[in-house]
């Protein structure tokens, strides 16, 4: 299983959280599944085994707690892209601008930076062989995966890619310039070199098939695997006093919004909801949990400049799993107002703890939550706030918990479902004709 980006960056949120949980869970069920599970990173065409200690991948320290920066490799690319693009404009060089915008599967800035990140490790590579199944779990669009997939194909291995979403292609306005081209190039590289695809939802599967068709390919078969919900709380450290105090018994009921601060998460709308409820004189607080990502400056300024910031409007950056678990267990409800998602991990993490969920009315949230959520219209903060006001009125001073969840499952169950998908893809590839 390819964990290259997670290992290189030490990141632990979003896709990297999924990679970490899948990696540990696949190792946990390896015996029952009859597989030898080998977490790897890519180095050119080679596969390098990652260190495993006590049944878990020894990823670098995520540096989540206290960090205020987005993952370093992405930040490095964004800064380099800004300056190279600016130089191209000043020099009137279209070729330089094209080099900056090229995907990692083309000669360009992204591939050059990826080569620098992975150079000089000196680690021995693993030789793939017939019978192996390679699954790309990670953000492989930020590095050149073509040579590794070609080598795996020549060795007779089955190649599978996990598609978390295709939002940079379907909604390029939510991402930094050039991300859509990079992502499209990645999909173009995968389609002829991959034997099967797995997604995190039926919605993501349908969107991926539509993108593939728009690129001139037959819509590939793919299978959805529902993601797990529990956090790796053990060993994550204590809850910081400020957080514990803000979400302590006796404090006003708290709404919780979780996710990297970036356009599609729609955190600005969450602040609109705060303002609408505040204008009605209601007693509540709001906690935003997530590091700043891309195109986040305006929302960050709005939160930090808000009159209620640090009083009833809180923004927590770099929480460890124990602290995120504390938030889920002590909030009154999760409010997820994304305009689009591949899955929506906070939904199931919240429901595992029987936390009520208010979610934007988008197809993937309907798929994941079903009847276990209440849905908010994104067209009107006034109407959405009315639902939250009714909820607060019904609390009676207590954090109401609904019935236990049917949608929240352990990560090992998701890993078993992933193994079943991999076996199915492998069998289909081997089938004559």
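Numbering (this note's numbering), first residue to last: 130 to 562. Glycine included, C-beta positions come from ideal geometry on N, C-alpha and C. Here the structure is a predicted model, which means the values were calculated and not measured.
Can you find the residues in the same chain that come closer than 8 Å, C-beta to C-beta, to residue i, ignoring five residues on each side of it along the sequence?
i	result
residue 566	Limits of the chain in this structure are 130 at one end and 562 at the other, which puts residue 566 out of reach.
residue 541	154, 157, 158 and 357
residue 147	266, 293, 329, 356 and 474
residue 377	459
residue 409	514 and 518
residue 222	216
residue 561	none
residue 251	Residue placement at residue 251 is poorly supported in this model, since its pLDDT is 43, which falls under 50; the coordinates still yield a value, given next. Answer for residue 251: no residue qualifies.
residue 301	308 and 309
So, using beta-carbon positions, are residue i and residue j closer together than 8 Å?
i	j	result
residue 292	residue 351	yes
residue 327	residue 550	yes
residue 289	residue 264	yes
residue 498	residue 488	yes
residue 135	residue 150	no
residue 442	residue 518	no
residue 79	residue 138	Nothing about residue 79 can be read from this structure; the chain reaches only from 130 to 562.
residue 474	residue 537	no
residue 254	residue 166	no
residue 558	residue 401	no
residue 420	residue 142	yes
residue 305	residue 424	yes
Give me, in chain order, the residues of the same chain whose beta-carbon lies closer than 6 Å to that of residue i; leave out the 5 immediate sequence neighbours on both sides.
i	result
residue 470	493
residue 144	268 and 293
residue 184	156
residue 186	152, 168 and 179
residue 196	Note that residue 196 scores 28 on pLDDT, short of 50, meaning its location in the model is unreliable and no value can be drawn from it.
residue 397	428
residue 308	297
residue 174	276, 277 and 280
residue 386	399, 417 and 464
residue 507	489
residue 415	384, 403 and 442
residue 348	338, 341 and 342
residue 189	139
Can you give me the start and stop residues for the beta strand (DSSP E) that residue i sits inside?
i	result
residue 504	503–505
residue 444	442–445
residue 326	325–328
residue 437	No beta strand (DSSP E) contains residue 437, which DSSP labels as neither H nor E.
residue 477	Per DSSP, residue 477 belongs to no beta strand (DSSP E); it is in the alpha helix (DSSP H), 474–481.
residue 175	175–178
Between the C-alpha atoms of residue i and residue j, what's the straight-line distance to the nearest angstrom?
i	j	result
residue 295	residue 379	43 Å
residue 336	residue 303	17 Å
residue 345	residue 182	44 Å
residue 311	residue 554	27 Å
residue 483	residue 501	10 Å
residue 313	residue 393	19 Å
residue 467	residue 258	42 Å
residue 454	residue 432	23 Å
residue 382	residue 524	9 Å
residue 286	residue 260	6 Å
residue 331	residue 353	6 Å
residue 486	residue 520	11 Å
residue 163	residue 516	49 Å
residue 552	residue 262	9 Å
residue 543	residue 437	40 Å
residue 395	residue 131	30 Å
residue 440	residue 449	22 Å
In the DSSP assignment, what are the bridge partners of residue i?
i	result
residue 415	384 and 442
residue 547	None; residue 547 has no bridge partner.
residue 265	131 and 290
residue 421	390
residue 351	326
residue 374	Answer is none; residue 374 lacks a bridge partner.
residue 463	385 and 486
residue 338	Its beta-bridge partners do not exist; DSSP assigns none.
residue 313	Note: residue 313 sits in no beta bridge, so no partner.
residue 185	182
residue 255	176
Please work out which residues of its chain come closer than 7 Å, Cβ to Cβ, to residue i, disregarding the five sequence neighbours upstream and downstream, and give them in chain order.
i	result
residue 478	358, 360 and 457
residue 422	199, 389, 390 and 391
residue 321	none
residue 372	445, 452 and 455
residue 461	382, 383, 384, 524 and 528
residue 545	158
residue 368	451, 452 and 455
What span of residues does the alpha helix (DSSP H) with residue i cover, start to end?
i	result
residue 172	Here residue 172 belongs to no alpha helix (DSSP H); instead the beta strand (DSSP E) covers 169–172.
residue 151	144–157
residue 283	275–283
residue 410	Here residue 410 belongs to no alpha helix (DSSP H), and DSSP marks it neither H nor E.
residue 523	510–524
residue 496	492–498
residue 297	296–299
Just checking residue i against the ligand SAM - is the residue's beta carbon closer than 7 Å to any of the ligand's heavy atoms?
i	result
residue 458	The ligand content of the structure shown is nil, which means the ligand SAM is not present either.
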